[in-house]
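Below is one structure, written out as structure tokens, with a few remarks after it.
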Amino acid sequence: MKKLYAPKGIIPAPPTPFTKDDKINEDEYKRLLNYDIERGVHCICVGGSTGEWSTMSIEERKQLFKIAAEAIGDRIPKMATTGCHSLSKTLELTQYAVDLGYESILLVTPHYLQPGFEATKDYYRKVAETFPNLAVCIYNVPHNTNVELPVEDIIELAKVPNITGMKHCTDPTLTNKVIEGTKNEYFESATGRENMILANLCQGGSGGVGVMCTIVPQELVKMYDLLMENNWKEALKIDESLRRLSILIESEPNPAPVKEVLNLLGFDFGAPRLPLRPCSKELREEIRKELIKLGYEV
Numbered sequence: 551m552k553k554l555y556a557p558k559g560i561i562p563a564p565p566t567p568f569t570k571d572d573k574i575n576e577d578e579y580k581r582l583l584n585y586d587i588e589r590g591v592h593c594i595c596v597g598g599s600t601g602e603w604s605t606m607s608i609e610e611r612k613q614l615f616k617i618a619a620e621a622i623g624d625r626i627p628k629m630a631t632t633g634c635h636s637l638s639k640t641l642e643l644t645q646y647a648v649d650l651g652y653e654s655i656l657l658v659t660p661h662y663l664q665p666g667f668e669a670t671k672d673y674y675r676k677v678a679e680t681f682p683n684l685a686v687c688i689y690n691v692p693h694n695t696n697v698e699l700p701v702e703d704i705i706e707l708a709k710v711p712n713i714t715g716m717k718h719c720t721d722p723t724l725t726n727k728v729i730e731g732t733k734n735e736y737f738e739s740a741t742g743r744e745n746m747i748l749a750n751l752c753q754g755g756s757g758g759v760g761v762m763c764t765i766v767p768q769e770l771v772k773m774y775d776l777l778m779e780n781n782w783k784e785a786l787k788i789d790e791s792l793r794r795l796s797i798l799i800e801s802e803p804n805p806a807p808v809k810e811v812l813n814l815l816g817f818d819f820g821a822p823r824l825p826l827r828p829c830s831k832e833l834r835e836e837i838r839k840e841l842i843k844l845g846y847e848v
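Be aware that the sequence shown starts at 551, since it is given in the numbering used here, and climbs by one per residue.
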């Protein structure tokens, strides 16, 4: 059996651009994906939190998966964020991603109905068992879901052959605990915290899945490559240079600041959908100044 994909390296989780009439801007989305791929990223995570999946219909999410699959092709692996409150909708979206050739999916921890941890594990197992040849990745993001999957449950789920990794946006020490508990499994631990990619890798984690990977891909790929060469000193310099930007993009609700970065870089990503608001003028100016410091012409 072919070894399944596991999340590793620098993995952008891009926002979704909308036109003035609130449709997905296909051309701009493809342009950003090409921008990231040309700068050496290792995978693309499509339709995640930053992609505003929670404001989209099922048909819109399918449309986004299709646009991305066409743009990415076989150049690098593709990860589709297919989690829904409904298991049947999750399975429907996952089947659609499989049919498009996605190598993996990212499943957010079920939260609205507060099912409890045993039922949550049942949910993950059901999806994994339904698609045994697809890599399934856990998405542990408690600041959005108010549910934090316990370490022991993650370790238990890692025993399922095609649950191959996780994106976690929580306590960075979770990486150490999961690595120790899954050392006999094929399982990778990537961070979703924008300023913790270096720390994740230094702890033995596998990289980052997030928006910094989308807006400054070349810097983060360089940092990753330096770490793989054991050049910690130069990697740390890159991490320190990006720290201020990572703080700024998290200072207002996601993805408004990220879209503003891309707009400043020459893309046309517009603003988020309501109930989110556009980036404030004050934050936009702070972001602009920081991009100039990093050498961008904005």
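Each residue gets a CB set at the ideal place from its N, CA and C atoms; glycine is no exception.
Inter-residue spacing [alpha-carbon to alpha-carbon] between residue i and residue j
i: LEU707; j: GLY758; result: 20 Å
i: ASP577; j: LYS831; result: 26 Å
i: ARG581; j: LEU844; result: 22 Å
i: SER654; j: THR680; result: 13 Å
i: PRO828; j: PRO822; result: 6 Å
i: VAL811; j: GLU784; result: 25 Å
i: MET551; j: VAL710; result: Its pLDDT being 47, under 50, MET551 is placed unreliably by the model, and nothing is read from it.
i: ILE765; j: THR631; result: 19 Å
i: GLU800; j: LYS733; result: 32 Å
i: ASP649; j: LEU684; result: 11 Å
i: ASP818; j: ILE608; result: 24 Å
i: PRO803; j: TYR585; result: 24 Å
i: PRO722; j: GLY742; result: 10 Å
i: GLY754; j: LYS570; result: 44 Å
i: GLY598; j: PRO565; result: 8 Å
i: ASN726; j: ILE704; result: 13 Å
i: TYR673; j: CYS763; result: 29 Å
i: ILE842; j: ILE574; result: 29 Å
i: GLY816; j: VAL848; result: 8 Å
i: LYS772; j: GLY820; result: 29 Å
i: VAL808; j: VAL761; result: 7 Å
i: LEU724; j: LYS839; result: 34 Å
i: HIS661; j: LEU637; result: 12 Å
i: PRO767; j: SER756; result: 16 Å
i: PRO567; j: LYS671; result: 33 Å
i: THR640; j: VAL691; result: 18 Å
Test item: CB-CB of residue i and residue j under 8 Å
i: ILE622; j: TYR579; result: no
i: VAL728; j: ASN712; result: no
i: TYR736; j: LYS717; result: no
i: LEU795; j: LEU748; result: no
i: ASN750; j: ILE797; result: no
i: GLY651; j: ALA619; result: yes
i: ALA806; j: LEU826; result: yes
i: GLU698; j: THR714; result: no
i: GLY633; j: VAL658; result: yes
i: ALA647; j: PHE615; result: yes
i: HIS635; j: LEU663; result: yes
For residue i: DSSP bridge partner residues
i: ASN734; result: Beta-bridge pairing links ASN734 to no other residue.
i: PHE667; result: Note: PHE667 sits in no beta bridge, so no partner.
i: SER739; result: MET716
i: VAL759; result: ILE561
i: CYS752; result: Its beta-bridge partners do not exist; DSSP assigns none.
i: VAL596; result: ALA630
i: LEU657; result: ILE688
i: ILE574; result: PHE568
Which listed residue (the options) has its alpha carbon closest to that of residue i
i: PRO557; options: LYS612, MET629 and LYS839; result: MET629
i: LEU814; options: ARG834, ASN804 and LEU824; result: ARG834
i: GLY601; options: LEU776, PRO665 and LYS612; result: LYS612
i: ARG589; options: TYR774, HIS661, GLY820 and GLU840; result: TYR774
i: VAL591; options: ILE561, PHE568, SER599 and MET606; result: ILE561
i: TRP782; options: PRO565, VAL761, CYS752 and VAL771; result: CYS752
i: PHE667; options: ILE837, GLN768, PRO700 and PRO567; result: PRO700
i: LYS676; options: GLU642, LEU776 and VAL691; result: GLU642
i: ILE587; options: THR720, LEU770 and LEU663; result: LEU770
i: TRP720; options: PRO660, GLU730 and ASN694; result: The sequence shown places Thr at residue 720, not Trp. Selected option, being the one with the closest Cα: ASN694.
i: GLN645; options: LEU663, ALA669, PRO665 and PRO682; result: PRO682
i: ILE594; options: TYR555, ASP572, GLU779 and GLU836; result: TYR555
Proximity test, residue i beta-carbon vs the ligand NAD heavy atom, cut-off 7 Å
i: PHE615; result: With respect to small molecules bound, the structure shown includes none, and the ligand NAD cannot be examined in it.
- Item | Given 8 Å, three or more beta-carbon pairs between the region 785 to 804 and the region 620 to 637 | Contact between the region 785 to 804 and the region 620 to 637 is absent: fewer than three C-beta pairs spanning the two stretches fall below 8 Å.
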